[in-house]
Amino acid sequence: MNSFRFDELKIGMRESFRAEVSSEKMHAFRELSGDCNPLHNDESYAREKGFRDKVAFGMLSSSFLSTLAGVYLPGEHSLIQSVEVKFLKPVYSGDSLLVSGEISEMNSTVKQIVLKVSMENQSGERVLKGKMKVIVNE
Amino acid sequence: MTRDEVFERLTEVFREVFDDDSIVLEETTTSKDIEDWDSFEHINLIVAVENEFSIKVPMGKVTTMKDVGEMADIILEESK
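Respectively, the protein sequence lines represent chains A and B.
Each residue of the first sequence is one higher than the last, beginning at 193 in my numbering.
Each residue of the second sequence is one higher than the last, beginning at 416 in my numbering.
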């Protein structure tokens, strides 16, 4: 786990990691959230709706942003203040997501950083983009 | 910049941060008067104030300012 302090950070710093969207994680997220919507749980239903397979929960993909801030940037001293995301393309079970964040703004008074975040699948397609505000809670 | 101008611009900042166009600021307005003004939104407010007025709020005053009047004092002081 990284443990950056505010003074060690600068605009343009970037961290990334890969996260797998497995059927086990889909099942665990369904149990955790109670979201039994058939788009995420029924392959034939998802196909009728025009998708090639069950669509992964957007909030499951988004949950990797917690790891991005809490483990990578800034890591240990992270206190997530807000998350804004747009889902650009569907994510499916079996996808491997490259989760990335780059510091785009910093405020030294309140030790807040703004991360520009994005996720790409194994084909290099951007599936999610967004912005996170994180307090560096040293 | 006059105090009235500070209040005018500050009102717009508050309305933007709290997404509430009905906010009317007075010298004695405090976090108790604005429902969503909690510690997290206070951070957003400080960042927005610094950006709007191109100032840095002294670290020690971030958590000690007791009302909007005091916030206006800081803005005027730091804008000199």
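Don't be surprised by glycine CBs; every beta carbon is placed ideally from N, CA and C.
As the structure is a computational prediction, the values presented were derived from the model and not from experiment.
query	result
In angstroms with no decimal places, state the Cα-to-Cα distance between residue 475 of chain B and residue 483 of chain B.	16 Å
Suppose contacts are defined by Cβ-Cβ distances below 8 Å. Is residue 467 of chain B in contact with residue 424 of chain B by that definition?	yes
Going by C-alpha distance, which of B:445, B:450, B:459 is nearest residue 479 of chain B?	B:445
Taking any Cβ of chain A, which residues in the segment 454-480 of chain B have a Cβ under 7 Å from it, in chain order?	455, 458, 461, 462, 465, 471, 472, 474, 477
Alpha carbon to alpha carbon, how far is residue 435 of chain B from residue 307 of chain A? Give it in angstroms, no decimals.	26 Å
Among A:299, A:329, A:291, A:326, which residue has its Cα nearest to the Cα of residue 314 of chain A?	A:291
What does the Cβ neighbour count give for residue 219 of chain A, buried or exposed, with the cut at 16 atoms within 10 Å?	exposed
Comparing the C-beta of residue 299 of chain A with each C-beta of chain B, is any distance below 8 Å?	yes
At the level of alpha carbons, what is the spacing between residue 238 of chain A and residue 427 of chain B?	45 Å
Using a beta-carbon distance below 8 Å, is residue 283 of chain A in contact with chain B?	no
How close, in whole Å, do the beta carbons of residue 487 of chain B and residue 433 of chain B come, if the pair is a contact with beta carbons under 8 Å?	Rounded, the Cβ-Cβ distance is 17 Å, inconsistent with contact.
Please report whether the beta-carbon of residue 304 of chain A lies at a distance below 8 Å from any beta-carbon of chain B.	yes
Could you give the residue range of the beta strand (DSSP E) that holds residue 491 of chain B?	First-last for residue 491 of chain B: 483-493, but that is the alpha helix (DSSP H), not the beta strand (DSSP E).
Against chain B, with Cβ distances strictly below 8 Å, would residue 273 of chain A count as a contact?	yes
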